[in-house]
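Here's the structure, in structure tokens; my notes come after.
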Amino acid sequence: MRRVRIFLTATGLAAGIGACPGAAQEQAGRDACVAHLRETGGPDAENGIDVLKTEWAQAGTLVTMRDAGGTVWECIGYSDGAIGALNVVDAADDGEGAMAGNTAREGPEAGGTTGTQPVHFAKGTTGSTYDGTLTPGSSMRYVLGARKGQFLDVAVMPDGPGISYQIFNPDGSFLLDMMAPDTPYRGQLWQSGDHVVEVINRGDAPGSYRVSFSIE
């Protein structure tokens with residue numbers, strides 16, 4: 004009987020199992036967010052950062068972190084090391100009246116917070132729906148990747164007054180300035196990259212809403 008020896012190298016094993024690009028991109032986004040917070044978050048961030056959770060999507064990796072002072076941050080990081088947004092979601096007072104600031108480009112009104120949510124489309128679909136509740140002055144940023152020439156549909160359905168929304172292009176310019184929720188948006192995109200739909204509560208009471216997205 005002939006004996007056949009099979010040698011399997013580590014490289015061959017990895018190739019046989021198959022790489023997981025999502026995991027690599029998630030790690031890269033996480034590393035980018037940690038590095039960016041350490042550089043820009045002040046002494047508390049320099050003294051230590053705990054990563055509370057990460058959530059990967061094609062639009063980017065959402066990373067939730069807490070610095071040494073107890074402030075909780077949300078960040079969107081990309082596999083190339085770029086940062087899409089860095090926001091304070093729970094500011095901690097340092098005991099001397101100084102609190103971490105919100106670094107988002109269009110932050111909430113005084114007293115509010117800003118959250119970030121990558122938009123996921125189920126396999127084989129082109130739309131998604133999310134429910135949310137915002138305290139007065141707070142906002143939620145929904146991030147979805149899309150290409151130039153595609154059509155974006157957004158509909159915001161509030162359960163009460165005070166809710167409005169706006170849409171940003173990937174370069175940070177307005178695709179749609181502040182809009183009342185009774186007017187849905189449909190338009191052709193003129194940039195490729197991550198678009199941000201920000202839902203804002205400008206009322207004086209908590210407000211719930213449902214927002215739906217589709218891309219064609």
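In the numbering used here, the protein residues as written are 4 to 219.
Just so you know, even glycine gets a beta-carbon here, dropped at the ideal spot from N, CA and C.
When secondary structure is reduced to three states using DSSP, Gly25 falls in the helix class. Arg33 sits in a helix when the DSSP states are folded into three classes.
Here Glu49 carries a helix assignment [DSSP, helix/strand/coil].
Tyr188 has Val157 as its beta-bridge partners, per DSSP.
As far as DSSP is concerned, Thr43 takes part in no beta bridge. The way I'd put it, the stretch 159-167 does touch the stretch 202-213; three or more beta-carbon pairs between them come closer than 8 angstroms. Contact annotation: Val91 and Gly118 have beta-carbon atoms that are not nearer than 8 angstroms. Our two residues, Gly44 and Gly152, have alpha carbons roughly 37 angstroms apart in a direct line. Linking Trp193 to Arg150 through their CA atoms gives a straight-line distance of about 8 angstroms.
Going by DSSP, Asn204 is part of the beta strand (DSSP E) stretching over Gly196 to Asn204.
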